[in-house]
Amino acid sequence: MSSITPQGYRRTGTGKLEHVAIAESVIGHFLPPHSEIHHFDGNGLNNEHTNLVICENRRYHQLLHARQRIIELGGDPDTHKWCASCLSLQLHTAFFKCRSTFDGLSQRCKSCAKRLGQYYRQKNIEYYREYDKRKYARRKLSCSLPSAEKQSQGL
0 MSSITPQGYR RTGTGKLEHV AIAESVIGHF LPPHSEIHHF DGNGLNNEHT NLVICENRRY
60 HQLLHARQRI IELGGDPDTH KWCASCLSLQ LHTAFFKCRS TFDGLSQRCK SCAKRLGQYY
120 RQKNIEYYRE YDKRKYARRK LSCSLPSAEK QSQGL
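According to numbering that gives the first Met the number 0, the sequence shown holds residues 0 to 154 in order.
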């Protein structure tokens, strides 16, 4: 008896994910560690061996999904990328380089990254203005106390 997982995949009677069992039977051995299975049509219940792609790791699997999304939006995955902030398809040149992502480019286009950077810089300025006010108030307080009171307060 098979069951469907909350993620939308089918389990076999032994509890193993059906697409994993099918991929292992096709290649004739267990999947390598950290490998993942990609459903080419995006349907987690379509476990035909012609619909399954064995990915060496999660990074490659994410790359396949990103490339498919770009194709569906009418772009070329070799020259376009999806901006996570402004939700638009843009050329690779509109993104900063980033070694930690699966495709080597930042998740936000340069204009969104700059806008976000300005927002956080403004937040930091406001925070440090408040910090300076508190620091100045403490300094003013410690200067006005007699030395015995400073020692008792640890100032």
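In this text, a Cβ means the ideal position worked out from N, Cα and C, and glycines have one as well. For clarity, every value in this text was computed on a predicted model and none was experimentally measured.
Measuring alpha carbon to alpha carbon, tell me which of the options ends up nearest residue i.
i      : options                       : result
Leu51  : Leu86, Tyr8 and Leu88         : Tyr8
Lys109 : Phe95, Pro31, Phe29 and Ser1  : Phe95
Asn45  : His28, Ser34, Trp81 and Leu16 : Leu16
Ala112 : Gly27, Cys82 and Arg10        : Cys82
His37  : Ile21, Gly116 and Arg114      : Ile21
Lys80  : Gly12, Arg107 and Arg114      : Arg107
Phe39  : Ser2, Glu71 and Arg98         : Glu71
Assuming residue i is part of the alpha helix (DSSP H), what are its boundary residues?
i      : result
Arg107 : Not the alpha helix (DSSP H): Arg107 falls in the beta strand (DSSP E), residues Leu104 to Cys108.
His38  : Segment Glu35 to His38 is the beta strand (DSSP E) holding His38; no alpha helix (DSSP H) there.
His64  : Arg57 to Glu71
His18  : Glu17 to Ile26
State the start and end residues of the unbroken beta strand (DSSP E) segment that holds residue i.
i     : result
Gln89 : Leu88 to Leu90
His79 : His79 to Trp81
Leu51 : Leu51 to Cys54
Phe95 : Phe94 to Lys96
Do residue j and residue i count as a contact pair if the criterion is CB distance below 9 angstroms?
i     : j      : result
Ser84 : Arg114 : yes
His48 : Val25  : yes
Leu86 : Gly74  : no
Arg57 : Glu23  : no
Gly43 : His18  : yes
Checklist entry - Any contact of the segment 100 to 111 with the segment 57 to 74, i.e. 3+ C-beta pairs under 8 angstroms? => result yes
Item to check | Stretch pair the segment 23 to 33 + the segment 53 to 61: three plus CB contacts closer than 8 angstroms | outcome: yes
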